[in-house]
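The block underneath contains the structure these notes are about, expressed in structure tokens.
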Amino acid sequence: MRLRFLLLSGLFLYGFTLVLSQERYIKPVDEGKNDASFNTFRTKLIAAAEKRDAKYVLSVIDRNIQNGFGGSNGFANFKKTWKIENPKAEFWDEFLRVIKNGGSFSSEGGGPRESWFWAPYTYTSFPQDIDSFEHQAIFGNNVNLREKPTTDSDVVASLSYNIVKTDYQDSVKTKNSEDEYEWLKVETLGGKKGYVKAEYVRSPIDYRACFEKKGGVWKLTAFLAGD
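All residue numbers for the sequence shown refer to the numbering used here, where the first residue is 9 and numbers rise by one.
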């Protein structure tokens with residue numbers, strides 16, 4: 009009886025360990041292309057953002073846009089924060105990275121699901137059973153995981169949309185900024201470790217955008233990061 013118990017316990021622990029070590033992924037999802045009105049709106053918005061057309065982008069921003077969680081919301085605060093009249097403003101690259109990478113429709117305030125769209129997919133599709141503060145997603149397909157933080161280092165593995173945990177203490181910051189990273193040291197849930205270029209890692213609570221259909225017109229009602 010004792011031997012049987014030990015065998016069953018061993019099998020349980022083995023299975024539990026196996027579950028813990030399985031890779032998890034966040035693959036691209038884009039529900040927006042399935043809605044004709046939103047898809048047309050987004051296509052025009054992307055084209056305007058690529059041309060740095062501040063006038064058009066400002067025209068689709070809701071007057072009560074949520075800019076964060078500190079109370080500095082509204083159209084005026086958005087303009088003050090992002091200064092999008094400047095074609096070199098940080099807003100443009102960040103905004104395009106958000107709106108060009110899918111997303112999902114979502115019910116807000118009990119309204120119809122098709123009236124709200126959140127982007128990008130890394131925010132809308134992140135698993136609820138994984139801590140979004142401690143984990144990130146590989147933001148790309150066939151991303152090199154390298155042994156060391158250099159482009160000539162050996163490739164340990166190729167990652168595609170894996171969920172990872174980042175070790176910021178051993179990551180490498182850029183030479184020009186103490187707030188930005190060039191290389192991030194990551195570990196997948198399956199135990200693969202190494203370095204990836206920072207641009208290929210994205211947090212689920214990084215910048216995201218919410219679009220709401222009001223009176224038949226799509227508006228940008230939130231552009232924020234954090235939680």
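The beta-carbon is built from N, C-alpha and C at its ideal position, and this holds for glycine as well.
- Judged by DSSP in its simplified three-state form, Tyr131 adopts helix.
- DSSP places Ser168 outside both helix and strand once states are collapsed to three, so it counts as coil.
- The distance from the Cβ of Gly148 to that of Tyr208 is about 5 Å, consistent with a contact at the 8 Å cut-off.
- When Cβ pairs closer than 8 Å are counted between the two stretches, the segment 93 to 110 is seen not to touch the segment 73 to 85, the count staying below three.
- The closest CA to that of Arg32, considering only Phe134, Leu104 and Tyr189, is found on Phe134.
- One Cα belongs to Thr174, the other to Gly202, and the distance between them is close to 10 Å.
- Contact check for Val151 against Val204 passes: the beta carbons are separated by less than 8 Å.
- Of the other Cβ atoms in all chains shown, fewer than 16 fall within 10 Å of the Cβ of Glu186; this residue is therefore exposed.
- Its chain contains Lys193 as the residues whose beta carbon lies nearer than 7 Å to that of Asp178, once the 5 sequence neighbours on both sides are disregarded; these appear in chain order.
- Shown here, Asp187 sits in coil according to DSSP, grouped into three states, outside any helix or strand.
- Burial of Thr196 is indicated by the presence of at least 16 other C-beta atoms within 10 angstroms of its C-beta.
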